[in-house]
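Visitor: All the letters of the sequence shown, read from the start, carry residue numbers 213 to 568 under our numbering. Backbone N, C-alpha and C fix where the C-beta goes; we use that ideal spot for every residue, glycine too. All of these numbers come straight from a predicted model, not from anything done at the bench.
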Amino acid sequence: MKLFSCAVCRQLLFFENVKCGSCGHSLAYLPEHEVVSALAPEGDGWRALAPEAAGARYQLCANSAEHGVCNWALPAGSDARLCRSCRLNDTIPNLSAPDAWAAWQRLEIAKRRLLYTLFALGLPVEAKGASERGLAFSFKADRAGEKVFTGHDDGLITINVAEADDPFREKMRHRLGEAYRTLLGHFRHEIGHYYWERLVRGTAWHEPFRREFGDESSDYAQALEAHYARGAPPSWQDEYVSAYASMHPWEDFAETFAHYLHIVDTLETARSYGLALQPQPRGGAPLARVTTRRLAFEDFDELVAAWLPLTMALNSLNRGMGLPDLYPFVLSPRSLAKLRFVHALIEAEGRPAPAR
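(1) Out of K214, A274, Y241, which one is the CA nearest neighbour of R259?
(2) Exposed or buried, which one is A518 when buried takes at least 16 other CB atoms within 10 Å?
(3) For a test of the three-state rule: what should DSSP assign to K231, helix, strand or coil?
(4) Check whether the Cβ atoms of R501 and Q490 lie closer than 8 angstroms to each other.
(5) Assign H386 to one of two classes, buried (16 or more other C-beta atoms within 10 Å of its C-beta) or exposed (fewer than that).
(6) Nearest to A274 by alpha carbon, out of F509, R299, W448, T504?
(7) Would you tell me roughly how many angstroms separate the C-alpha atoms of P536 and L411, rounded to the nearest one?
(8) What are the start and end residues of each continuous alpha helix (DSSP H) run of 4 or more residues lying completely inside the segment 342–393, in chain order?
(9) Which first and last residues belong to the alpha helix (DSSP H) in which T329 is found?
(10) Taking its Cβ as the centre, do 16 or more other Cβ atoms sit within 10 Å of C218, making it buried, or is it exposed?
(11) Considering only residues of the same chain and omitting the five flanking positions on each side of F351, which have a CB-CB separation below 7 angstroms?
(12) Could you name the residues of the same chain whose beta carbon sits closer than 6 angstroms to that of L473, not counting the 5 residues immediately before and after it, in chain order?
(13) For the alpha helix (DSSP H) containing G236, name the first residue and the last one.
(14) May I ask which residues mark the beginning and end of the beta strand (DSSP E) holding Y270?
(15) Using DSSP with H/G/I as helix, E/B as strand and the rest coil, what is A457?
(16) What do you reckon, are the CB atoms on I321 and E402 nearer than 8 angstroms?
(17) Quick test of your reading: P287 and Y270, contact by CB under 8 angstroms. State the CB separation rounded to the nearest angstrom.
(18) Any heavy atom of the ligand MN closer than 7 angstroms to the beta-carbon of W258?
(19) Assuming D302 is part of the alpha helix (DSSP H), what are its boundary residues?
(20) Using a 10 Å radius around the Cβ and a threshold of 16 neighbouring Cβ atoms, would you call E375 buried or exposed?
(21) Label M533 either buried or exposed according to how many other C-beta atoms from any shown protein chain fall within 10 Å of its C-beta, with 16 as the threshold for buried.
(22) Which same chain residues, not among the five before or five after L239, have their C-beta less than 8 angstroms away from its C-beta?
(23) Would you identify the three-state DSSP class for R505, choosing helix, strand or coil?
(24) Pop quiz: S424 and A549 are said to be a contact at Cβ under 8 angstroms. What is the actual Cβ separation, rounded to whole angstroms?
(25) How many angstroms separate the CA atom of S484 from the CA atom of I475?
(26) Near V554, which residues of its chain fall below 6 angstroms by C-beta distance, leaving aside the five closest residues on each side in sequence?
(27) Would you decide whether F569 is buried or exposed? Buried here means 16 or more other CB atoms lie within 10 Å of its CB.
(28) Here's the rule: buried if 16 or more other CB atoms are within 10 angstroms of the residue's CB, otherwise exposed. What is Y539?
(29) What three-state label does DSSP hand G280 in the structure shown?
Set out below in structure tokens:
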């Protein structure tokens, strides 16, 4: 994630901000310029104050004006009422239910962080109604006699609304023995399934995928049953990025794809802050200096060389605060080989361009 600042007062901003805490200007994300911009009211719309926008006029997404769950804007005069992110929604939570609005807001924040990375990587993102290979999101809650399962099916990603509840999600994390379970992690995992269908199945990447991850034609239902009956193999860390990845080649790919998105997004944030690391362990010589400012994102070896020291630093900071490791993973040579496959797939497909 890039670092943003207010065009009026230079206050640093988060991607999700809707108002500058320093000067009070309204804010909106302009996807075609990849910037969070301060806004000035003008007529029945807004004028963007970010230099990148060159004074262009905008209108807020209807889900901002009517529900307060969106901070993306559209060019003034657009025929669409919803922004590019909200147009991907197939089903939103039942807002008459208790806490549904807050859950929807958290879901939208996670979804937008996912989309930011997908756009930056140049991956195809079209709404399901606009393309037969398009993408849609469905946010549903359990009902009497109807259990909602988070998953992907033919371009439709369903997220159980309960996952937006921190206590529920933490309870599930412990019950399933997971080291990591976040709302953003769910989105990144399920989009991995979507891109397997879109970029791997039946393409020139299919056989290389099988050589790296295994034969996905093996019975998925049996693999699922076996995983929850016996768990992951004792040596799963030698082959997989997570225990769940050991269940089936499809899950291995989705977990690896999600992990790649974790890496590139976190490293972009570190680079935006100009982060440099020069570890100086006691009892030994200083280790190599890592400067994320000059990181070449198209070079997988550079990504890994920057990522591993950064995760050590992040985990050490968390331990200093008495918190669990921020990055509870170990990347084996086999996991790195699979991540390299995902990197090559994205580099071959991606054609970075402004998101419109």
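Guide: With the structure as the only source:
(1) As a first step, residue 259 must be located in the sequence shown, where it is residue number 47. It is Y241 whose Cα lies nearest to the Cα of R259.
(2) Looking up residue 518 in the sequence shown gives position 306. Around the beta-carbon of A518, 16 or more other beta-carbon atoms lie within 10 Å, marking it buried.
(3) What you label residue 231 is simply residue 19 of the sequence shown in a count that begins at 1. Strand at K231.
(4) Here residue 501 is taken as the residue at index 289 of the sequence shown, counted from 1. Here residue 490 is taken as the residue at index 278 of the sequence shown, counted from 1. Their beta carbons are under 8 angstroms apart, which means R501 touches Q490 by this criterion.
(5) Stepping through the sequence shown from its first residue, residue 386 is reached at position 174. Exposed is the call here.
(6) Taking the first residue of the sequence shown as 1, we reach residue 274 at position 62. Selected option, being the one with the closest Cα: R299.
(7) Start at 1 with the first residue of the sequence shown, and residue 536 comes out as number 324. Start at 1 with the first residue of the sequence shown, and residue 411 comes out as number 199. So the two alpha carbons sit approximately 35 angstroms from each other.
(8) Entirely contained in the segment 342–393, the alpha helix (DSSP H) runs reaching 4 residues are, in chain order, 378–387.
(9) Position 117 of the sequence shown, counted from the start, is the residue given in the question as residue 329. Run containing T329: 312–333, per the alpha helix (DSSP H) assignment.
(10) The residue given as residue 218 occupies position 6 in the sequence shown. Taking all protein chains shown into account, C218 has 16 or more neighbouring C-beta atoms within 10 Å of its C-beta and is therefore buried.
(11) Residue mapping note: residue 351 aligns to position 139 of the sequence shown, counting from 1. For F351, where only same-chain residues beyond five positions count, the Cβ hits under 7 angstroms are T303, I304, P305, W316, L319, I371, V373.
(12) Working through the sequence shown from its first residue, we reach residue 473 at position 261. Excluding positions up to five away in sequence, the list reads T329, R400.
(13) The residue you call residue 236 lines up with position 24 of the sequence shown. Note, G236: premise wrong, no alpha helix (DSSP H); not H, not E.
(14) Here residue 270 refers to the residue found at position 58 when the sequence shown is read from its first residue. Y270 -> beta strand (DSSP E) spans 269–272.
(15) Taking the first residue of the sequence shown as 1, we reach residue 457 at position 245. In the structure shown, A457 sits in a helix (DSSP, three-state: H, G or I).
(16) Locating residue 321 in the sequence shown gives position 109, counting from the first residue. Locating residue 402 in the sequence shown gives position 190, counting from the first residue. No, they are not a contact pair.
(17) Here residue 287 refers to the residue found at position 75 when the sequence shown is read from its first residue. Here residue 270 refers to the residue found at position 58 when the sequence shown is read from its first residue. That belief holds up - the Cβ atoms of P287 and Y270 are roughly 6 angstroms apart, short of 8 angstroms.
(18) Absence of the ligand MN is noted for the structure shown, with no ligands found whatsoever.
(19) Working through the sequence shown from its first residue, we reach residue 302 at position 90. Unbroken run through D302 is the beta strand (DSSP E), 301–303; no alpha helix (DSSP H).
(20) Numbered from its first residue, the sequence shown carries residue 375 at position 163. Classification for E375: buried.
(21) Residue numbering aside, residue 533 sits at position 321 when the sequence shown is read from its first letter. Taking a 10 Å sphere around the C-beta of M533, we find fewer than 16 other C-beta atoms and assign the residue as exposed.
(22) As a working note, residue 239 is residue 27 in the sequence shown. Cβ neighbours of L239 beyond the five flanking positions: C218, L225, N229, V230, K231, C232, V248, S249, A250, L251, N283.
(23) Against the sequence shown, residue 505 aligns to sequence position 293. Correct three-state label for R505: helix.
(24) The residue you call residue 424 lines up with position 212 of the sequence shown. The residue you call residue 549 lines up with position 337 of the sequence shown. Residue identity differs from the one stated: residue 424 is Glu in this sequence, not Ser. Contact check for E424 and A549: beta-carbon distance about 7 angstroms, within the 8 angstroms limit, so the pair qualifies.
(25) As a working mapping, residue 484 is identified with position 272 in the sequence shown. As a working mapping, residue 475 is identified with position 263 in the sequence shown. Distance between the alpha carbons of S484 and I475 is about 14 angstroms.
(26) Stepping through the sequence shown from its first residue, residue 554 is reached at position 342. Counting only Cβ-Cβ distances below 6 angstroms, and skipping sequence neighbours, we find T468, F469, Y472.
(27) Given a span of 213 to 568 for the chain in the structure shown, any question on residue 569 remains unanswerable.
(28) As a first step, residue 539 is located in the sequence shown; it is residue number 327 there, counting from the start. Flag for Y539 reads buried.
(29) Your numbering for residue 280 matches position 68 in the sequence shown. When DSSP states are grouped into helix, strand and coil, G280 belongs to the coil group.
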